[in-house]
Amino acid sequence: MSRTIIVSNRLPTKALRTDDGLAFQPSEGGLATGLGSIYRADGNVWVGWPGLFVEDEAEATFVTEQLAADSMAPVFLTEDEIRDYYEGFSNGTLWPTFHYFAQLAVYEEDMWKAYVAVNEKFCRAVLEQAGPDDTIWVHDYQLLLLPEMLRAARPQATIGFFLHIPFPSYELIRVLPWRTELLQGMLGADLIGFHTFGYMRHFLSAVSQLLGLPNQHGQIETPTRSVLVDAFPMGIDHQRYADAAASEAADAHVREYREALKEVRVILSIDRLDYTKGIAQRLRAFELLLLRYPEWRGQVSLLMVVVPSRDQVAQYADLKVEIDELVGRINAQYRTIAWNPVHYFYRSFPLEELAAFYRLAEVALVTPMRDGMNLVAKEYVASKADQRGVLILSERAGAARELSDALIINPTDTGQLAEAMHEALVMPEEDQIARMTNMQALVRQYDVFAWTKLFMDRLAHAKSQQQTLATT
Ligand code: GDG
282 MSRTIIVSNR
292 LPTKALRTDD
302 GLAFQPSEGG
312 LATGLGSIYR
322 ADGNVWVGWP
332 GLFVEDEAEA
342 TFVTEQLAAD
352 SMAPVFLTED
362 EIRDYYEGFS
372 NGTLWPTFHY
382 FAQLAVYEED
392 MWKAYVAVNE
402 KFCRAVLEQA
412 GPDDTIWVHD
422 YQLLLLPEML
432 RAARPQATIG
442 FFLHIPFPSY
452 ELIRVLPWRT
462 ELLQGMLGAD
472 LIGFHTFGYM
482 RHFLSAVSQL
492 LGLPNQHGQI
502 ETPTRSVLVD
512 AFPMGIDHQR
522 YADAAASEAA
532 DAHVREYREA
542 LKEVRVILSI
552 DRLDYTKGIA
562 QRLRAFELLL
572 LRYPEWRGQV
582 SLLMVVVPSR
592 DQVAQYADLK
602 VEIDELVGRI
612 NAQYRTIAWN
622 PVHYFYRSFP
632 LEELAAFYRL
642 AEVALVTPMR
652 DGMNLVAKEY
662 VASKADQRGV
672 LILSERAGAA
682 RELSDALIIN
692 PTDTGQLAEA
702 MHEALVMPEE
712 DQIARMTNMQ
722 ALVRQYDVFA
732 WTKLFMDRLA
742 HAKSQQQTLA
752 TT
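Written out as structure tokens, the structure reads:
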């Protein structure tokens, strides 16, 4: 029987060192929920880092056994590897380049070497798990070299690759000293998926210009094989968010927050701390709204959740300081004893509280400078059972391709963003309902389960076509 091996930098479970010994905690990402139904099925397995530096062999064995019971296989990484491969090359070189922040990218040969070595480590771990007929699905920018490494070891394997972040224009990719190796690494797959057609076009253009390989309708012919490239916009677990929003726990939170906020209307903003998310620009736009439309002072608050992320990296620490200062400035300028302009939280919340925020918010601001997809936009839509609420969405989030009923803005245009907030706050209910109804239909239908099935079906189809061609 053929099995599916899922590979990503992080496992869907996190191992933690506590006072009572090791503990295991599910990580809440969209990928974990979406692929949960696959990797737990018969014989399938998920390969990735469990988030812990193991101290010795005995600990490694214990973690391996615990995870194996839940269909996972750990790849243990050292502190040096996390520094150079993860924080270094993945988040210091690839992440800024792929999000059009090339000026922040570092080009360090040692980090590149660590990236190659860790991809090789993942390759060995996958080969230990995968049989010749198994399907291997590799995820994201930390593992761009893995498809080709697996292909070299298993020429007949069925390999899929999905990129969760944008694929940028050729002009950015060409700057990378290791551009050829990275593209070739990805081409080891049989099917390469992106969130949007735009990212897919950029990839095809880079492959054509840098490797001299043309394509026909997304099919690239390499000297030895053909590789299919396509767009698969990722969805969320719609039911899970709709249920969480309708839960008694969320109800209780909504009542509690409403009582505290009285009549004040809520604009919501939720992100990981990241310079790609446009958090500082969003604060400036809110400040401009209060300046241009004094009637909103005392009437509307920005509820801003920033989830701590990568804060050991200098750029992230600097951004945190910038946000702290902006929030301080706006609140100092405008607050009254009865009203707080910005409610700022630098921490994460359990799902039911998040769902209560989504329900409470008349307006959601999802305004990244660049974002592969952005799941928060879809979660907000899924949580609005009464269809009241307005989504303001950046044209540079992958989600904007699907959620065209949002108010679509250019996140660097502070004036436009301030105007969009005003427009959202005065939007008649029937308009809100019409827009939200359309977006809900889409988010419900193309959920994460549909996404997974579409990708897996397409991969099986691409492989069977290759095999037919090879035998004719
Ligand atoms: C990458 C790409 C792409 C946030 N705060 C809390 C919380 N969250 C959850 C959200 C959402 C997730 O984190 C964030 O997902 P995004 O899609 O917005 O962003 P990235 O983490 O950057 O993800 C992105 C994604 O991969 C999938 O392909 O969409 O473009 O960058 O699910 O709800 N969850 C909880 N408490 C919080 O306080 N429980």
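Taking the numbering used here, the leading residue of the sequence shown gets 282, the next gets one more, and so forth. Glycine included, C-beta positions come from ideal geometry on N, C-alpha and C. Only a predicted model underlies this, so the values are computations on that prediction, with no experimental measurement involved.
From which residue to which residue does the beta strand (DSSP E) around K295 run? Taken as a continuous stretch (DSSP letters only), the beta strand (DSSP E) holding K295 covers T294 to T299.
Using 10 angstroms around the beta-carbon of Q593, count the other beta-carbons present and answer buried if the total reaches 16, otherwise exposed. When all chains shown are included, Q593 counts as exposed.
For Y727, which residues from the same chain have a beta carbon less than 8 Å from its beta carbon, with the 5 sequence-adjacent residues on both sides left out? Excluding positions up to five away in sequence, the list reads P514, G516 and E683.
Based on DSSP bridge pairs, tell me the residues matched to W418. Paired residue(s): I287 and G441.
Taking DSSP as the reference, what is the three-state secondary structure of V535? For V535, the three-state secondary structure derived from DSSP is helix.
My guess is that D391 and N290 are in contact by the Cβ rule of under 8 Å, so how many angstroms apart are they, rounded? Not really, about 19 Å apart at Cβ, beyond 8 Å.
I want to check one thing, is the minimum distance from the CB of D667 to the heavy atoms of the ligand GDG below 7 Å? No - the ligand GDG has no heavy atom lying nearer than 7 Å to the Cβ of D667.
Does DSSP put I501 in a helix, in a strand, or in coil? Three-state result, I501: strand.
With V353 as the anchor, note down where its beta strand (DSSP E) starts and where it stops. It is worth fixing the name first, because residue 353 is Met in this sequence and not Val. First-last of the beta strand (DSSP E) with M353: M353 to P355.
Within 10 angstroms of the Cβ of L468, are there 16 or more other Cβ atoms? Answer buried if so, exposed if not. With 16 or more other CB atoms across the displayed protein chains lying within 10 angstroms of its CB, L468 is buried.
In this structure, does DSSP put F379 in helix, strand or coil? Of the three classes helix, strand and coil, the one that applies to F379 here is helix, per DSSP.
State the start and end residues of the unbroken beta strand (DSSP E) segment that holds Y625. That run of the beta strand (DSSP E) goes V623 to F626.
Can you tell me the Cα-Cα spacing of P355 and A296, whole angstroms? Looking at the two C-alpha atoms, the distance is approximately 10 Å.
4 or more residues per run - each alpha helix (DSSP H) lying fully within the segment 536-605: Counting whole runs of 4 or more residues, the segment 536-605 contains the alpha helix (DSSP H) stretches 560-573.
Buried/exposed call for A715, threshold 16 Cβ in 10 Å: Per the 10 Å Cβ criterion, exposed.
Which listed residue (L426, Y320 and R640) has its alpha carbon closest to that of E537: Ranking L426, Y320 and R640 by Cα distance to E537 puts R640 first.
For S745, the nearest candidate out of S507, M481, R460 and G479 (CA to CA): Minimum Cα distance to S745 is reached at S507.
S352 versus E362, G324 and N400, residue with shortest Cα-Cα distance: Answer by Cα proximity: G324.
Starting from the C-beta of M720, find all residues in its chain whose C-beta is less than 6 Å away, skip the five residues before and the five after it, and write them out in chain order. The answer, listed in chain order, is V662, L684 and D686.
Would you kindly check if the distance between the Cβ of G559 and the Cβ of T695 is under 8 Å? Inclusion of T695 and G559 in the CB contact set at 8 Å is not warranted, their separation being larger than that value.
Using the beta-carbon count (16 or more within 10 Å), is P307 buried or exposed? So P307 ends up on the exposed side.
Examine the ligand GDG and report whether any of its heavy atoms sits within less than 7 Å of the Cβ of R553. Judged by the Cβ position, R553 qualifies as a neighbour of the ligand GDG at the 7 Å threshold, a heavy atom of the ligand being closer than this.
When you measure from the CB of F630 to every non-hydrogen atom of the ligand GDG, does any distance come out below 7 Å? Here the distance from the Cβ of F630 to the nearest heavy atom of the ligand GDG is below 7 Å.
Three or more C-beta pairs under 8 Å: does that hold for the segment 546-554 against the segment 574-594? Cβ pair count under 8 Å is three or more, so yes.
To test your reading of the DSSP string, which unbroken beta strand (DSSP E) runs of 3 or more residues are found completely within the segment 475-523? Counting only runs of 3 or more, we get 500-502 and 507-512.
Among R432, E360 and F478, which has the Cα closest to the Cα of G332? Nearest of R432, E360 and F478 to G332, Cα basis: E360.
Only counting the same chain, and skipping five residues up and downstream in sequence, which positions put a Cβ closer than 6 Å to that of I287? Correct list, in chain order: L316, Y320, W327 and W418.
Helix, strand or coil at F305 [DSSP, three-state]: The three-state reading of DSSP puts F305 in strand, counting E and B together.
Figure out for me which residue from G373, N400, F382 and A398 has the closest Cα to the Cα of Y388. Of the candidates G373, N400, F382 and A398, the residue whose Cα lies closest to the Cα of Y388 is G373.
With three or more C-beta pairs closer than 8 Å as the rule, is the segment 470-486 touching the segment 687-707? Cβ pair count under 8 Å is below three, so no.
Would the beta-carbon of I287 be found less than 7 Å away from any heavy atom of the ligand GDG? Incorrect: I287 has no Cβ contact closer than 7 Å to the ligand GDG.
Do G670 and N655 have their C-beta atoms within less than 8 Å of each other? Contact flag unset, no.
Does the segment 470-480 touch the segment 420-440, meaning 3 or more C-beta pairs lie closer than 8 Å? Counting Cβ pairs under 8 Å, three or more are found: they touch.
For the alpha helix (DSSP H) that A636 lies in, which residues bound it at each end? It spans L632 to L641 - the alpha helix (DSSP H) in which A636 sits, taken as one unbroken run.
How many Å lie between H534 and V623 at the Cα? Straight-line Cα distance between these residues: approximately 19 Å.
Along the chain, where does the alpha helix (DSSP H) containing A715 start, and where does it finish? For A715, the uninterrupted alpha helix (DSSP H) run begins and ends at E710 to Q726, by DSSP.
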